[in-house]
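Asker:
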Amino acid sequence: MKKVIFAAMALGLPVMAGEPAPIVTPAPAPSCPLTLEVAGVYKSAAKELLSFGPAKEIDLMGADLTLVKPICGNSAVTLRFGYNFGDEAQRGVFGGTEEVDVHSFYLMPGYRYTHALTEKTALYGAVNAGIANTSFKYKFDDAEEIDKWHDSDWGFIATLELGVRYQLCEKTELFAAYEFTANYAKPDGCDEQTYNGVRVGVGFKF
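If you want this note's numbering, it's the 1-based position in the sequence shown plus 40.
1. Please check the pair E97 and L89, which I expect to be a contact at CB under 8 Å, by giving their CB distance rounded to whole angstroms.
2. List the whole-angstrom C-beta distance separating T199 from A86, where the pair is believed to meet the contact cut-off of C-beta under 8 Å.
3. State the Cα-Cα distance for the pair T75 and W194, rounded to the nearest angstrom.
4. How far does the beta strand (DSSP E) with I98 in it extend, from its first residue to its last?
5. Could you work out which residue in E210, T221, C230, N168 is closest to S192 when comparing CA atoms only?
6. So D191 is in the beta strand (DSSP E); what residue range does that whole segment cover?
7. Using the C-alpha atoms, what's the distance from M101 back to I111?
8. For L53, does the three-state DSSP call read helix, strand or coil?
9. Starting from T212, trace the beta strand (DSSP E) both ways and give me its first and last residue.
10. Of all the options P149, L105, K177, which has the alpha carbon lying nearest to the alpha carbon of G170?
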């Protein structure tokens, strides 16, 4: 019995002497930071805007904000809000001047897949789909009378995107991408539109 008591006291000596007991720290949770992208956008129209008379392709330019949330591995979900604007004036049309203005707002959730090339460089592909509002203003002036109208419409919009990213530092990266857009919002007098475009901007992680 005495041997058992002495053995127990010997095992407890380090604690009694003030030696700290080991502390087990749980492993930190994996980091999945959100990224906010700020981009400038230029879209080259692939078809004429107007569904009547002589018309031209109207290119658009603007900006968008995209929130990127990693979900697993190389995959992420996105949410994009953007605005584009374009205008065109043609003189000598039926003896007068024809002016067209286009404004477009859109909101699109999406999916993105990223493949790392180096420690700082990566390629990515994405698909986005949502809703757009396109506003159309038309004016025809032949010095004798002025004909003008305005209309807007909601419709489906989708984009396919292929780009490259470069990490400047831990929280900041640059990106450039090719983007194909199909916009089915059709104000009165307009056709649905398709565009080949570019997105260039910077992303901030937080």
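Just so it is clear, CB atoms sit at the ideal spot from N, CA and C, and this is done for glycine as well. Quantities reported herein were computed from a predicted structural model and do not represent experimental measurements.
Answerer: Put simply:
1. As a working note, residue 97 is residue 57 in the sequence shown. As a working note, residue 89 is residue 49 in the sequence shown. The pair is a contact, with the Cβ atoms about 7 Å apart (cut-off 8 Å).
2. To locate residue 199, count along the sequence shown from 1; it is residue 159. To locate residue 86, count along the sequence shown from 1; it is residue 46. 13 Å between Cβ atoms; not a contact.
3. Taking the sequence shown and counting its residues from 1, one reaches residue 75 at position 35. Taking the sequence shown and counting its residues from 1, one reaches residue 194 at position 154. So the alpha carbons of these two residues sit roughly 29 Å apart.
4. To locate residue 98, count along the sequence shown from 1; it is residue 58. From DSSP, I98 is part of no beta strand (DSSP E); its letter is neither H nor E.
5. The sequence position of residue 192 within the sequence shown is 152, counting from 1. The shortest C-alpha separation from S192 is found at C230.
6. Residue 191 sits at position 151 when you count from the first residue of the sequence shown. Run containing D191: 186-209, per the beta strand (DSSP E) assignment.
7. The residue labelled residue 111 in the question sits at position 71 within the sequence shown. The residue labelled residue 101 in the question sits at position 61 within the sequence shown. Going by the C-alpha atoms only, they are around 31 Å apart.
8. By one-based count along the sequence shown, residue 53 stands at place 13. Low confidence applies here, because L53 scores a pLDDT of 44, under 50, leaving its location unreliable and the question unanswered by this model.
9. Position 172 of the sequence shown, counted from the start, is the residue given in the question as residue 212. Where T212 is concerned, the enclosing beta strand (DSSP E) stretches over 212-223.
10. Taking the first residue of the sequence shown as 1, we reach residue 170 at position 130. Closest by alpha carbon: P149.
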